[in-house]
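Chain order of the listed sequences is A and B. Numbering (full-length UniProt numbering) for the first sequence: 1 to 339. Numbering (full-length UniProt numbering) for the second sequence: 1 to 339. By construction, the Cβ of each residue, glycine as well, lies at the ideal position given by its N, Cα and C atoms.
Number of protein chains: 2
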Amino acid sequence: METNLQFRLAARPVGMVKDSDWQQTEEPLRPLADGEIRVQVLYLSLDPAMRGWMNEGKSYIRPVAIGEVMRAGGVGVVAESRSPKFAAGDYVSGGTGVQRYWTGPADDKSASFHKIDPKLAPLTTYLNTLGMPGMTAYFGLTESGQPKAGETVVVSGAAGAVGQTVGQVAKQLGCRVVGIAGGKEKCDFVVRELGFDACIDYKNESVRDGLRQHCPQGVDVYFDNVGGDILDTVLTRINLKARIVICGAISQYNNTTPVQGPSNYLSLLVNRARMEGIVVFDYADRYHLGIAQLGRWMAEGKIKSKEDVVHGLENFPTALNMLFEGKNFGKLVLQVAAP
Amino acid sequence: METNLQFRLAARPVGMVKDSDWQQTEEPLRPLADGEIRVQVLYLSLDPAMRGWMNEGKSYIRPVAIGEVMRAGGVGVVAESRSPKFAAGDYVSGGTGVQRYWTGPADDKSASFHKIDPKLAPLTTYLNTLGMPGMTAYFGLTESGQPKAGETVVVSGAAGAVGQTVGQVAKQLGCRVVGIAGGKEKCDFVVRELGFDACIDYKNESVRDGLRQHCPQGVDVYFDNVGGDILDTVLTRINLKARIVICGAISQYNNTTPVQGPSNYLSLLVNRARMEGIVVFDYADRYHLGIAQLGRWMAEGKIKSKEDVVHGLENFPTALNMLFEGKNFGKLVLQVAAP
């Protein structure tokens, strides 16, 4: 049997993650103890949040320790099992970490493996619409954003993992949906393929002018994945009682200077508006409801799923940085082995 | 009869308001038309919000026009009446503007005069706890802050008009209350006289250390009147599901550079917390309920009211700037005539 290959955190990055922040290790695969399983990782989810997990300090989840295998969600196939919970050949989703094989107790809390069905949806969908990004989008939008039919919803990172589902769910709820994304290709995609009403290409257009043009009734819900100047600009266009969902701030994650606070936050006061932070884990007891609803919409062809697959575990460092350079187009997934 | 003396807006201020931004005008008092009243102004309310009204641009209320009498709330006595709504000698509260006499229709919408009873409470109280600051504090805290017994509430501008009532109401609701104010005298006052649990003197102490010391259980509700560094520091100490009420940002109102956005706003994400803006006018249909509750607590000696009275309409420009220099101690009121 082959050995395990792992990416471990070697140093806490300053700014963009460098190759030297990672350590590649190779280990023999140890025999299973009773109750344990071995999962062969097929696909890894690459998420902006991973950059935050590499930092020290209090957050919604403990930081990855120096020397620890980098945390990541993934899907895989059970290669061996000494647990009644899973059989060899089962497809599973869970916290595999950035490695070829995950080995441990079948009921490990932090890995939290559960079976998935490759006949219902492609495996990568379980890392996207039917995975964490989908749950983030579905619950964050409906519970914190609370869009009502006829309202205008704006979402940044519109072609990304979370943004694509936010916009499509908002369309299903009867909203006018305007995306913000980088580049003509992404903008064309969310409008033509995903059915957004419009998309502002922040790399080539003025976001301010775009909002004025495409949100003639103002902005009722803004789902923010990026922070920085875009958040500040949207704040100038919000309506009375608007809801801003703070899901992420990818523009700020590699800052070596302090985070750029929203200079226009007093628009919250003028408009009696609200800005609220969300973390997907809070909805864990209702994931099954979100998966059921999104699965239904997908089966009906009402919601599409777009993944950007990079091949080869060895390309993990380069692939992760694509997120912060806006180079991925759709949910970024790293294929570790052929399914 | 004497003439009317008025302060009109001469220019839109840049930074701190200068004497040249005002024009003093003197006019004869015209005879009343049918349905009109003349109110002799006794006390004027000086509020941080007035600085915002002097700026151009969209806000929750239209800007004061150049040449217009400066907007202000006041209490006065009806000097003459040709309306059945008010009799000469009635005490009233409403939008008098910065002048000696207000003359116009008894049912003028923007002035919105209503009778007050000087036997129930001192006249100045109707510009403080039983007026707009009291309503702002009461409804902003209870409706947006939603404090629960046992939670920790922090309020900045603690000795100011809104802050003093926020803290006292939170104490009545069973919360631990920590104020932030400038100077030992103000801090001693809110603790000893108003019954706050603690007060941090931001001019002489580290706010960060003070919060660590006085909020050992973290911060559940932060009622923000000041913005700037203090908001940013409190953001580092908030609890899961904390509520931040954005009532004002007095530290930023005279900026000639962009407003300082809260650099630590991603603490909202980490803590699934909320930041919401409030404007008192939204609660206008329930002011009577707020006045009844605050009046009851005042009558029972559970809530105190502290005003800082400056004398003489001619001192209006200097008095207004006291707010932005932190020089007032309690709700700032300008006495225009002896009651």
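Classification of residue i by the beta-carbon crowding that lies within 10 angstroms, buried from 16 upward
{"i": "His-214 of chain B", "result": "buried"}
{"i": "Leu-289 of chain A", "result": "exposed"}
{"i": "Ala-88 of chain B", "result": "exposed"}
{"i": "Asn-255 of chain B", "result": "exposed"}
{"i": "Ile-244 of chain A", "result": "buried"}
{"i": "Arg-38 of chain B", "result": "buried"}
{"i": "Leu-211 of chain A", "result": "buried"}
{"i": "Ile-61 of chain B", "result": "exposed"}
{"i": "Asp-117 of chain B", "result": "exposed"}
{"i": "Pro-216 of chain B", "result": "exposed"}
{"i": "Ala-149 of chain B", "result": "exposed"}
{"i": "Glu-307 of chain A", "result": "buried"}
{"i": "Ala-276 of chain B", "result": "A quick correction: the sequence has Glu, not Ala, at residue 276 of chain B. It counts as buried."}
{"i": "Asn-225 of chain A", "result": "buried"}
{"i": "Ala-11 of chain A", "result": "exposed"}
{"i": "Asn-55 of chain B", "result": "exposed"}
{"i": "Ala-284 of chain B", "result": "exposed"}
{"i": "Arg-71 of chain B", "result": "buried"}
{"i": "Val-257 of chain B", "result": "Before going on, a small fix: residue 257 of chain B reads as Thr here, not Val. Exposed."}
{"i": "Ser-81 of chain A", "result": "buried"}
Proximity test, Cβ basis, 8 Å: residue i and chain B
{"i": "Arg-274 of chain A", "result": "yes"}
{"i": "Pro-147 of chain A", "result": "no"}
{"i": "Ala-121 of chain A", "result": "no"}
{"i": "Arg-278 of chain A", "result": "The sequence given here has Ile at residue 278 of chain A, not Arg. Output row for Ile-278 of chain A: interface = yes."}
{"i": "Asp-282 of chain A", "result": "yes"}
{"i": "Val-259 of chain A", "result": "yes"}
{"i": "Pro-339 of chain A", "result": "no"}
{"i": "Ala-159 of chain A", "result": "no"}
{"i": "Tyr-222 of chain A", "result": "no"}
Assumed close pair residue i, residue j - CB separation to whole angstroms, cut-off 8 Å
{"i": "Thr-152 of chain A", "j": "Val-77 of chain A", "result": "About 43 Å separates the two Cβ atoms, so there is no contact after all."}
{"i": "Ile-250 of chain A", "j": "Leu-323 of chain A", "result": "7 Å"}
{"i": "Gln-172 of chain A", "j": "Trp-53 of chain A", "result": "In fact, because the Cβ distance is near 32 Å, the residues do not count as touching under 8 Å."}
{"i": "Gly-140 of chain A", "j": "Cys-247 of chain A", "result": "6 Å"}
{"i": "Pro-147 of chain A", "j": "Cys-175 of chain A", "result": "5 Å"}
{"i": "Val-92 of chain A", "j": "Leu-44 of chain A", "result": "About 13 Å separates the two Cβ atoms, so there is no contact after all."}
{"i": "Gly-94 of chain A", "j": "Ala-111 of chain A", "result": "5 Å"}
{"i": "Glu-36 of chain A", "j": "Pro-105 of chain A", "result": "6 Å"}
{"i": "Thr-103 of chain B", "j": "Leu-32 of chain B", "result": "7 Å"}
{"i": "Ser-83 of chain B", "j": "Ile-278 of chain B", "result": "Actually they do not touch by this definition, with Cβ atoms about 34 Å apart."}
Of the listed residues the options, nearest to residue i (C-alpha basis)
{"i": "Val-169 of chain B", "options": "B:Leu-5, B:Lys-302, B:Glu-325", "result": "B:Lys-302"}
{"i": "Arg-274 of chain B", "options": "B:Cys-199, B:Pro-118, B:Tyr-222, B:Met-50", "result": "B:Tyr-222"}
{"i": "Ala-65 of chain B", "options": "B:Gly-134, B:Asp-21, B:Asp-34", "result": "B:Asp-21"}
{"i": "Ser-305 of chain A", "options": "A:Thr-96, A:Phe-281, A:Val-333", "result": "A:Val-333"}
{"i": "Arg-286 of chain A", "options": "A:Thr-124, A:Gly-131, A:Glu-205, A:Gln-23", "result": "A:Gly-131"}
{"i": "Ser-267 of chain A", "options": "A:Ala-284, A:Ile-238, A:Pro-84, A:Val-92", "result": "A:Ile-238"}
{"i": "Lys-327 of chain A", "options": "A:Val-98, A:Val-162, A:Gly-182, A:Ala-121", "result": "A:Gly-182"}
{"i": "Val-155 of chain A", "options": "A:Leu-127, A:Ala-198, A:Lys-241", "result": "A:Ala-198"}
{"i": "Gly-15 of chain A", "options": "A:Ser-263, A:Gln-335, A:Glu-325", "result": "A:Glu-325"}
{"i": "Gly-330 of chain B", "options": "B:Asp-47, B:Gln-293, B:Ser-110", "result": "B:Asp-47"}
{"i": "Leu-269 of chain A", "options": "B:Tyr-43, B:Ser-59, B:Val-17", "result": "B:Ser-59"}
{"i": "Arg-272 of chain A", "options": "B:Val-309, B:Gly-95, B:Phe-281, B:Asn-264", "result": "B:Phe-281"}
{"i": "Gln-260 of chain B", "options": "B:Lys-241, B:Thr-233, B:Ala-159, B:Tyr-283", "result": "B:Thr-233"}
{"i": "Thr-3 of chain A", "options": "A:Val-310, A:Glu-185, A:Glu-26, A:His-114", "result": "A:Glu-26"}
{"i": "Lys-119 of chain B", "options": "B:Asp-90, B:Gly-179, B:Phe-189", "result": "B:Asp-90"}
{"i": "Ile-230 of chain B", "options": "B:Asn-264, B:Phe-189, B:Ala-137", "result": "B:Asn-264"}
{"i": "Lys-85 of chain A", "options": "A:Phe-113, A:Gln-164, A:Trp-102, A:Leu-313", "result": "A:Phe-113"}
{"i": "Ile-291 of chain A", "options": "A:Asn-315, A:Val-207, A:Thr-125", "result": "A:Thr-125"}
{"i": "Arg-208 of chain A", "options": "A:Ala-121, A:Gly-145, A:Gly-195, A:Val-178", "result": "A:Val-178"}
{"i": "Glu-193 of chain A", "options": "A:Glu-205, A:Thr-165, A:Asn-204, A:Ser-206", "result": "A:Thr-165"}
Residue i at chain A interface by Cβ criterion, 8 Å
{"i": "Leu-266 of chain B", "result": "yes"}
{"i": "Cys-271 of chain B", "result": "Strictly speaking, residue 271 of chain B in this sequence is Asn, with Cys absent from that position. By this cut-off, Asn-271 of chain B is an interface position."}
{"i": "Ile-246 of chain B", "result": "yes"}
{"i": "Pro-48 of chain B", "result": "no"}
{"i": "Ala-106 of chain B", "result": "no"}
{"i": "Ala-111 of chain B", "result": "no"}
{"i": "Ala-249 of chain B", "result": "yes"}
{"i": "Ser-156 of chain B", "result": "no"}
{"i": "Ser-263 of chain B", "result": "yes"}
{"i": "Tyr-138 of chain B", "result": "no"}
{"i": "Tyr-60 of chain B", "result": "yes"}
Complete runs of the alpha helix (DSSP H) confined to the segment 239-297 of chain B [at least 4 residues]: Runs found: 267-270.
Length-filtered (3 minimum) beta strand (DSSP E) runs lying within the segment 299-330 of chain B: Fully contained in the segment 299-330 of chain B are the following beta strand (DSSP E) runs of length 3 or more, in chain order: 307-311.
Contained alpha helix (DSSP H) runs [length at least 4] in the segment 174-207 of chain B, N- to C-terminal order: Uninterrupted alpha helix (DSSP H) stretches at least 4 residues long and entirely within the segment 174-207 of chain B occur at 184-192, given in chain order.
Segments of 3+ residues assigned as beta strand (DSSP E) that fall wholly inside the segment 128-161 of chain B: Qualifying beta strand (DSSP E) stretches, in chain order: 152-156.
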